[in-house]
Amino acid sequence: MRKRFYLTTAIDYVNGEPHLGHAYEKIVADVIARARRSLGEEVFFLTGLDEHGQKVQQAALDNGKKPQAYCDELAAVWKAFAKKLNLSNDDFVRTSEPRHQTVVQAILSKLNAAGHFYKAQYRGFYSPKEETFLTEKDRRPDGSFDSSYGQVVELVEDNYYFHLREHQQWLIEHIESHPKIDPQGREFIEPIYRRNEVLAFLKNKALEDLCISRPLARLNWGVPLPFDEQFVTYVWFDALVNYISVPAAQGDPAVLAALKSESRKPKADIELWPADVHVIGKDILKFHAVYWPITLRAIGLPLPKQILVHGWWQKDGQKMSKSTGNVVDPLAVIDEWGVDAFRYYAVRELDIGPDGNWTDAGFAARYKAELADGIGNLLNRSLKMLQSYRAGVVPPRHDELAPQADQVVNDTIAHLRGNQLQAALQRIGTLVTRGNQYVEQSVPFKLAKDPSKAARLDQVLYNLTETCRILAVLLWPFIPTAAEKIYAQLGLDVSPDKMSEAVWGRLNVGHTIGEPAPLFPRKDQPSK
RNA sequence: GCCAGAGUAGCUCAGGGGUAGAGCAGAGGACUCAUAAGCCUUUGGUCGGGGGUUCAAAUCCCUCCUCUGGCACCA
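When we follow my numbering, the leftmost residue of the first sequence carries the number 794, and every step to the right adds one.
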């Protein structure tokens, strides 16, 4: 029994269509999850849905449905989306689930009993569309509000607030004192410029207390406050708790102890909290880097080890927007190109952190150059030669390319441990290039014409075949089904899902490979 | 407005006082095992403008311009 590598994605707001941004974040998390499993760690990968709130309530009403029934329908869509992306998540949380809500209420009770909340009257402007309170600062000189807020109403109402100010100093210190949490030098908040933003935010002004309730009269689709039935919980407070409500439901001893839960029995074999990585978008950094750590501290739980912040995608250099039709539909791309190509491009094109730019031409170019003509062609030419010249039977081991393969394996593992997924793919790409160069230099097709060169041909064919096998193991976290196809073509009936197999020489003499077939079929674009 | 960061080859970016780099795109070549794939060679740049420090500046300083991000919301 040992602690699992626990990683999460943001939970998506159910009331919308899955788009490229959602897909990207989930793929990044999935690659990390698969990489860690491949490296031999026990992993728990969580994703899910945020279902409460005004907009969902309103949308359900507009559709003539009860919120729960409405969410059930949409949840099916989102779960199918996760499957389509080939996510390897271990659980899928929905905030409307009882297992989640009981934890939210237990936390609210605990924090309230400990005096973290107070009730106060709020008077001011509110945007139902954005579910947010507005201040005088949000007002334009003429007194109006930006149209993005929709209809703005003036409210006078009581609400519960979470004392934050007393937490400001220790949080600053925590962020500053946790710059390096492992040998790769990962920050508590990464990339470092996001960390600096949070520090600047915390240092520049006093935190305003967080409003954690909404009056039942205005919103009933939420988790009721256990100590005041006239209110439900603010959606953000509700949503963040998913990161520990699922561990609680799974029986994580640390979380259950903090909640003093008597209804659930700890399971000794499930140690999840603290999370190793929260993968989030830059838009929700403040919730994860400020409100969430403070909430955890108040509950008495340790903080997550890392918040990994990714950027946003543009399409053709422009912000994606439904109204202009300037969007990338992940499902359409996957249907046309396959899920592996989609996963590959997303991770290869955009490093975790900066914003990226999706272009269809760029996608097609990478598919052709790196997948079809790169790894795909190397595999195909290697196996076809082994099939033609040696009837598909692996010759005796030979280690000509072993040193370079070992280096690529070592570097790739280091990159994966540091969540440097783009760098890992780039490094793997150098082994593909090396394989193709090796074919040109060793000219096996010429050796095959000269019977006196048979021994040399054996050597070359072994090096090529073994390189392909190593590549399958390295690529598995990124493009699992393609990696498995490589193994199948090599005649190996297991999955290349263990990095410990990325060791030169595991392919045995006398083994017979399977049938070669184009891994990423070339797509000749109709010339327009 | 304020605070960061960035402006280097057609594109994406690395370099960070001492002869300008990579990948892709473009051009040329030899080959033929392969998904007409791959490999080799190669053309591109007064390193945003101006001023300064220095024997020497893409690199340090000043100034201006432009872009991006954060300061208020959103995967």
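Even for Gly, the Cβ is constructed at its ideal location relative to N, Cα and C.
The structure presented is a predicted model; accordingly, all values stated were derived computationally and were not measured.
- When the five nearest sequence neighbours on each side are left out, the beta carbons in the same chain lying within less than 6 Å of the beta carbon of Ala1139 are those of Tyr817, Ile820, in order along the chain.
- Exposure of Pro1244 is indicated by the presence of fewer than 16 other C-beta atoms within 10 angstroms of its C-beta.
- DSSP, read as helix, strand or coil, puts Ser1293 in helix.
- Residue pairing from DSSP places Ser1114 in a beta bridge opposite Asn1119.
- For Thr1274, no beta strand (DSSP E) run applies; the uninterrupted alpha helix (DSSP H) run containing it begins and ends at 1273-1282, by DSSP.
- In this structure, the straight-line span from the alpha carbon of Phe837 to that of Glu969 is close to 28 Å.
- Between the C-alpha atoms of Leu1003 and Glu966 there is a straight-line separation of about 21 Å.
- Within the segment 983-1021, complete beta strand (DSSP E) segments of at least 3 residues are found at 1006-1008, given in chain order.
- Burial check for Glu1163: the Cβ neighbour count within 10 Å reaches 16 or more, so the residue is buried.
- Counting C-beta pairs closer than 8 Å gives fewer than three between the segment 1229-1241 and the segment 1147-1165, which falls short of the contact rule.
- Buried is the label assigned to Trp1269, since at least 16 other Cβ atoms lie within 10 Å of its Cβ.
- The criterion of a C-beta distance shorter than 8 Å is satisfied by His1103 and Ile1145.
- Residue pairing by DSSP puts Gln1107 in a beta bridge opposite Lys1112, Asn1150.
- Pairing Pro1123 with Met1178 gives a Cβ-Cβ distance that is not under 8 Å.
- Secondary structure at Phe918: strand, using DSSP grouped into helix, strand and coil.
- Between Ser1006 and Leu1018, the C-beta spacing is below 8 Å.
- Shown here, Phe837 sits in a strand according to DSSP, grouped into three states.
- DSSP places Leu1179 inside the alpha helix (DSSP H), whose first and last residues are 1170-1183.
- Val1034 and Val1126 do not touch by the CB rule: their CB atoms are close to 33 Å apart, not below 8 Å.
- For Asn1173, the CB contacts under 8 Å within the same chain, skipping 5 residues up- and downstream, are Pro1309, Ala1310, Pro1311, Leu1312 in chain order.
- Per DSSP, Val821 is not a residue of any beta strand (DSSP E); the alpha helix (DSSP H) it occupies stretches across 813-831.
- The C-beta distance from Trp1014 to Gln850 rounds to 4 Å, short enough to meet the 8 Å contact threshold.
- In this structure, Gln962 is the residue among Gln962, Tyr863, Glu834, Ala1207 with its C-alpha nearest to the C-alpha of Lys996.
- Within the same chain, and ignoring the five residues on either side of Thr1152 in sequence, the residues whose Cβ sits closer than 6 Å to its Cβ are Asp1109.
- The residues Asn1119, Val1120, in chain order, have a CB closer than 6 Å to that of Met1113 in the same chain once the five nearest residues on each side in sequence are set aside.
- In the structure shown, the three-state DSSP call for Leu1065 is coil.
- Below 8 Å, too few C-beta pairs join the segment 1091-1106 and the segment 852-863 to call them touching: fewer than three.
- A direct Cα-Cα distance of roughly 9 Å separates Asn989 from Glu983.
- In this chain, the alpha helix (DSSP H) harbouring Phe874 covers 860-877.
- In the three-state scheme derived from DSSP, where H, G and I count as helix and E and B as strand, Lys1075 is classed as helix.
- In this structure, Thr888 sits away from Val1072, with a CB-CB distance that is not shorter than 8 Å.
- Of Arg1220, Lys848, Ala1248, the smallest CA-CA separation from Arg1183 is found for Ala1248.
- Between the alpha carbons of Asn879 and Trp871 lies a distance of about 13 Å.
- Excluding sequence positions up to five before and after Gly1307, its CB lies within less than 7 Å of the CB of Ala1281, Gln1282, Leu1283, Gly1284, all in the same chain and listed in chain order.
- If you draw a 10 Å sphere on the C-beta of Tyr986, you find fewer than 16 other C-beta atoms in it, and that means exposed.
- For Phe1313, there is no enclosing beta strand (DSSP E), as DSSP gives it neither H nor E.
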